[in-house]
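Numbering (the working numbering), first residue to last: 17 to 513.
Backbone N, C-alpha and C define an ideal beta-carbon position, used for all residues, glycine too.
One structure is given below, encoded as structure tokens.
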Ligand code: PHE
């Protein structure tokens, strides 16, 4: 029988006291961590190399009340702090503690014979000292329980266990193992076989003439049946194929962007709600802007404050420092605009399927990190009609025919349209689109017309696979992924038709 390195180490530990059952917890070989020990012990039991006996052990855990007491003090402790050496009225004590805590505190203090008299409560100085001590011990006991699951102060423990939801007792079984004689013999026969070859052994040559632990190089492999991509990767590949088949080129960008490009270049006013913290993850560092960005700061400032010929701008003042903030890009339209700032003329069709970040709470339809599909075209034929046509073609290749356009608003496009579709008999907003405004294009020196659209990939995947919760897409439960795989093969069929 062959032993792994960890099994060997655990057996050696056990062999120091071959007569005794040793608890798993007290096996602490320096070479392996707890998990390594636990798994080695399991294997040794399975291989029949050790005897096993289970021991029940009592452990403690904080209940709901116990957790509150630990963070804000035990009621009786808070009470005697308020009563102090001078005493206080019941009224006052009740007001400061709240009626529930007051009730508990009074009951606890009453155990030491202290009771209110005529609406007033006071504690004799000696007793007060004693109670402070005793109650502090209870708090320390709570702390110990939280940290170790054990309690060494039996008096405090008894008090805490008697109370409701303060401390709960659990029993846990611990494995105790003892090395079997045949395993002991195995160890002895092994001699100084090499388990792990170290650099030291190699350079000193001490490995020479020694026996090595044999390795099984052709172990039987279990076929998992996971011969497909993750659902989201599959969709991304599919969307890439579609864009490429339509003649689009993939563009790339960075996760970290300046507000200058993510917002200002796109004519998003500086007081726009999307700029505020609830929508954008800002970084603490400041970028070192290069000369070109400094130049654009001047240009965008004029555009935002006074507009361009024929267009009036936002009128409010534009802060250079706001544009210098670093952020995690909130949309891939920043890639689009950066691309066109470099390609001011000619004809271009570009796309990306990439990550964006939004400072949002996670719920069934929101993720703070998601993928956006973005497409953009620079062409003399750009119009609302060609934009609709190209979007329809894109979605029809994904198997979605009935899309509609409804008027919408984005600071950087005019006109703007939202794309709406009916999927699984639910009306869903798929994304935004529009024709870039002159306030965006002209400052970059672009005379051509540009149209673009963008949509969230996860939202789309959720609807496509009829998921009720967007978080399911990132579920890493293998069984679940298998069923997802089946749905995907259905999609493959759909998209081929
Ligand atoms: N950037 C927009 C969003 O994040 C989508 C969009 C892209 C709108 C291109 C118009 C043009 O929702």
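{"Item": "Cβ-heavy atom distance, residue 450 to ligand 1, below 8 Å", "Value": "yes"}
{"Item": "Cα-Cα separation, residue 336 to residue 255", "Value": "38 Å"}
{"Item": "Extent of the continuous beta strand (DSSP E) to which residue 392 belongs", "Value": "385–394"}
{"Item": "8 Å Cβ shell around residue 40 - same chain, five flanking residues per side excluded", "Value": "53, 54, 57, 190, 191, 192 and 193"}
{"Item": "Straight-line Cα distance separating residue 75 from residue 101", "Value": "38 Å"}
{"Item": "Three or more C-beta pairs below 8 Å linking the segment 281–290 and the segment 416–425", "Value": "no"}
{"Item": "Neighbourhood of residue 188 by C-beta, 6 Å cutoff - its chain only, sequence neighbours within 5 removed", "Value": "73 and 75"}
{"Item": "Three-pair Cβ contact test at 8 Å for the segment 336–351 versus the segment 367–381", "Value": "yes"}
{"Item": "Limits of the beta strand (DSSP E) - the one that residue 119 falls within", "Value": "Taken as a continuous stretch (DSSP letters only), residue 119 belongs to no beta strand (DSSP E), being part of the alpha helix (DSSP H) at 115–126."}
{"Item": "Within-9 Å CB hit, residue 381 to chain B", "Value": "Looking at the structure shown, chain B is missing, and only one protein chain is on hand."}
{"Item": "Backbone CA spacing between residue 286 and residue 166 [nearest angstrom]", "Value": "56 Å"}
{"Item": "Under 9 Å between C-beta atoms of residue 369 and residue 390", "Value": "yes"}
{"Item": "Check: residue 382 C-beta below 8 Å from any heavy atom of ligand 1", "Value": "no"}
{"Item": "Residue 266 versus residue 251: straight-line alpha-carbon distance, rounded", "Value": "16 Å"}
{"Item": "Counted within 10 angstroms of its Cβ, other Cβ atoms place residue 511 as buried (16 or more) or exposed", "Value": "Low per-residue confidence applies at residue 511: pLDDT is 49, beneath 50, and the placement is therefore not dependable, though the value from the model is reported in the following sentence. Exposed, because fewer than 16 other Cβ atoms sit within 10 Å of the Cβ of residue 511."}
{"Item": "Local conformation of residue 509 per DSSP, three classes", "Value": "Confidence in residue 509 is poor, its pLDDT being 48 and thus under 50, which makes the residue's placement unreliable; the coordinate value appears in the next sentence. The answer is helix: DSSP assigns residue 509 an H, G or I state."}
{"Item": "Start-to-end residues for the beta strand (DSSP E) that takes in residue 365", "Value": "364–373"}
{"Item": "Stretch-stretch touch, CB-based, cutoff 8 Å, three pairs: the segment 146–154 with the segment 166–183", "Value": "yes"}
{"Item": "Contacts around residue 409, its chain only, beta-carbon distance under 8 Å, and the 5 residues preceding and following it disregarded", "Value": "262"}
{"Item": "Simplified DSSP state of residue 154, which is helix, strand or coil", "Value": "helix"}
{"Item": "Residue interval of the beta strand (DSSP E) (run including residue 187)", "Value": "183–195"}
{"Item": "Beta-carbon proximity of residue 354 to residue 277, cut-off 9 Å", "Value": "yes"}
{"Item": "Nonlocal neighbours in the same chain, by C-beta distance under 7 Å from residue 424, ignoring five residues either side", "Value": "432, 433, 434 and 448"}
{"Item": "Ligand 1 heavy atom lying under 8 Å from the CB of residue 591", "Value": "Because the chain spans 17 through 513 in this model, residue 591 falls outside it and cannot be assessed."}
{"Item": "Buried or exposed (CB count within 10 angstroms, at least 16 for buried), residue 116", "Value": "exposed"}
{"Item": "Proximity test, residue 436 beta-carbon vs ligand 1 heavy atom, cut-off 8 Å", "Value": "no"}
{"Item": "Spatially closest choice to residue 36 from 19, 23 and 67, by CA coordinates", "Value": "67"}
{"Item": "Contact check, residue 399 vs residue 465, beta carbons under 9 Å", "Value": "yes"}
{"Item": "Residue 340 vs residue 275 beta-carbon contact at 9 Å", "Value": "yes"}
{"Item": "First through last residue of the alpha helix (DSSP H) which encompasses residue 248", "Value": "247–261"}
{"Item": "Within the segment 267–302, ranges of the alpha helix (DSSP H) (whole runs, at least 4 residues)", "Value": "275–278"}
{"Item": "Assigned secondary structure, residue 486 (DSSP; H/G/I helix, E/B strand, else coil)", "Value": "helix"}
{"Item": "heavy atom of ligand 1 below 8 Å from residue 372 C-beta", "Value": "yes"}
{"Item": "Any non-hydrogen atom of ligand 1 closer than 8 Å to residue 399 Cβ", "Value": "no"}
{"Item": "Residues near residue 135 by beta carbon distance below 8 Å, same chain, minus five either side", "Value": "105, 106 and 107"}
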